[in-house]
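For the sequence shown, my numbering begins at 104 and goes up steadily by one. The C-beta atom is built at its ideal place from N, Cα and C for all residues, glycine as well. Quick caveat: nothing in here was measured; it's all calculated off a predicted structure.
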Amino acid sequence: MNQSFASIIFLFFLIKNSIVSQNDDCGTKYGCLKIPNDCQDLNCDYIVKWQDNGTYSHFVMQARPMQSSFYLAIGFSYDRKMGEDCVVMCKYSTSGRSSIEHYYNPRKEKTSEVLDPDNRSIGLTQSSVTIDDNFLTCSFKRLKSIENERDYFDLNEMYYLLMVKGYLDPDNEPINHKKNKFASSKEINFNFITKEENNSSLKYIKVHAILMTSIWMILATFGVIFARYFKFLNWYWSLFGTELWFAVHRAFMTLVPILTLIGFGAIFYAKDFEFIQPSLSLNFAHSSLGFITIAFSIIQPIYGVLRPSKNSENRTRFHWIHRIFGFLTILLAMASIVVGSVIFLNNEKMALFSAWIGWLATIVFLLEFANYKIKNKEKDEPLIETEDERSRSYHTLFDEKFKLLLLMTHAMASVIMIGLINLFINKQKLKPSVAIKWLSRYF
């Protein structure tokens, strides 16, 4: 009995140690790059492993599968950008036509071409494509170099490693990808066993996404709502001698362009300070809307500082211009966020944006209705001035309290919804930056 128990314990530790050794072969048996850096096998989004085998290099690349036929590819590049790259593409087809093939990305082209149409797997041997435990594994050996093949990159040299996955079309060819792509932060020597730390641009993209959604869906909307619907608070409070609604509006709308520029800096850095090409239509639309929004958000507070005096005949014209451009800026920001979310999130998580926009429309409608009632009441029941204070009618006070209740409800609902959105954005489990950690406390 004791011998049987001891055998079971021994077997348990043997299995456990074999699993640990599988998790720990990065930097020992294989050189590797993982995304995120600290992930363990099935918890990783991407894994690329390599091992020197003389004239060949053995590669294993792994990733979470997509919903239908898709490809997982690695590229050997002289820079961190697509164009003039040698690509090995692993295709997983639901029809059973899975394969590993060699491609080449021409200069400044966003589509891949088969390296050798007569031999699509040129230089590749011992290829296998499997899905196990809902994780794709592609294994192959690649001949390091081939004479007289200019676009077949020699792995005796160092390259940046590009990674991407995307869907396949009905002809089993790759569809142009707009997301799910990453690049190593430095060149890699594939003849050595190293454990590469990936300081990829993804974390800066996440900082950009979290900042922009938080800024425009909380700060900007609250700044506009306060200015339009809560001027009545001047009856009760002021801030350093300034009307309360104006102090809040000014503070929020000054923070908006400052934080927006920080968010823009994060994405600009992530993209190596290069602008999006028009050929990437969705990304280009997102960046174009973003640029216009940033410009308007900077112009608006400057224009506000230059407002004419209360007695100026241009005061009314100023109010209308400032108001129209303010609402236009909010609409552009929301459009940019929606397009960005299409790039970054899937359809289920997009429902949160739809819910929030529907909620915002409901709140605005209710606040407009309350404003309408207050104006009608004040026409019917004029304000009575005394030496000490102005009295407000019971009905007006009730509607004002209703507006405050709406504001508090909107604040809680917005924080919860945007918190969930930002949690989905940050779902890749990268080590969060200071900005993400700070935001996560409130979400």
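What span of residues does the alpha helix (DSSP H) with phenylalanine 355 cover, start to end?
Within the sequence shown, the letter at position 252 stands for residue 355. Per DSSP, phenylalanine 355 belongs to the alpha helix (DSSP H) from 347-373.
What is the DSSP secondary structure of methionine 266, counted as helix, strand or coil?
Residue numbering aside, residue 266 sits at position 163 when the sequence shown is read from its first letter. Looking at methionine 266 - three-state DSSP - the assignment turns out to be strand.
Other residues of its chain near serine 171: CB distance less than 7 Å, five sequence neighbours each side excluded:
Here residue 171 refers to the residue found at position 68 of the sequence shown. Excluding positions up to five away in sequence, the list reads Thr197, Tyr270.
For the pair the region 309-322 and the region 414-426, tell me if three or more CB-CB distances fall below 8 Å.
no
Given that a residue counts as buried once 16 or more other Cβ atoms are within 10 Å of its Cβ, and exposed if not, what is leucine 526?
For the purposes of this step, residue 526 is identified with residue 423 of the sequence shown, where counting begins at 1. That one is exposed.
Opposite methionine 261 in the DSSP bridges: which residues?
Numbered from its first residue, the sequence shown carries residue 261 at position 158. Paired residues: none, contrary to the question.
What's the C-alpha gap between serine 86 and lysine 478?
Residue 86 lies beyond the residue range present for the chain, which begins at 104 and ends at 546; the question has no answer from this structure.
Where do the ends of the beta strand (DSSP E) carrying glycine 178 lie?
In the sequence shown, counting from the first residue as 1, residue 178 sits at position 75. Glycine 178 -> beta strand (DSSP E) spans 173-180.
Work out the CA separation of cysteine 189 and arginine 210 for me, nearest whole Å.
The sequence position of residue 210 within the sequence shown is 107, counting from 1. The sequence position of residue 189 within the sequence shown is 86, counting from 1. So the two alpha carbons sit approximately 11 Å from each other.
In terms of residues, what are the limits of the beta strand (DSSP E) holding glutamine 150?
Locating residue 150 in the sequence shown gives position 47, counting from the first residue. Correcting the residue type first, residue 150 is isoleucine in the shown sequence and not glutamine. Looking at the DSSP string, the run of the beta strand (DSSP E) that includes isoleucine 150 is 149-156.
With distances taken Cα to Cα, identify the nearest neighbour of tyrosine 206 among Tyr195, Ala350, Leu218, Gly199.
The count along the sequence shown starts at 1 and reaches residue 206 at position 103. Among Tyr195, Ala350, Leu218, Gly199, the Cα nearest to that of tyrosine 206 belongs to Leu218.
Where isoleucine 528 falls: helix, strand or coil (DSSP)
Position 425 of the sequence shown, counted from the first residue, corresponds to residue 528. Of the three classes helix, strand and coil, the one that applies to isoleucine 528 here is helix, per DSSP.
Within 7 Å, strictly: CB atoms of cysteine 59 and lysine 247
Only positions 104 to 546 of the chain appear in this structure, which leaves residue 59 out of reach.
If I follow the unbroken alpha helix (DSSP H) through arginine 331, where does it start and stop?
The count along the sequence shown starts at 1 and reaches residue 331 at position 228. Unbroken alpha helix (DSSP H) run through arginine 331: 324-332.
Give a yes or no on whether 7 Å exceeds the smallest Cβ distance from arginine 200 to chain C.
Considering every chain present, this structure includes no chain C. It has just one protein chain.
Closest residue to threonine 357 among Trp319, Tyr372, Gly368 (Cα-Cα distance)
Locating residue 357 in the sequence shown gives position 254, where the first residue counts as 1. Measuring from the Cα of threonine 357, the nearest candidate turns out to be Trp319.
DSSP three-state label for proline 220, please.
Here residue 220 refers to the residue found at position 117 when the sequence shown is read from its first residue. Proline 220: coil per DSSP, three-state reduction.
Please report the straight-line C-alpha distance between arginine 183 and isoleucine 401, rounded to a whole angstrom.
Residue 183 sits at position 80 when you count from the first residue of the sequence shown. Residue 401 sits at position 298 when you count from the first residue of the sequence shown. Distance between the alpha carbons of arginine 183 and isoleucine 401: 32 Å.
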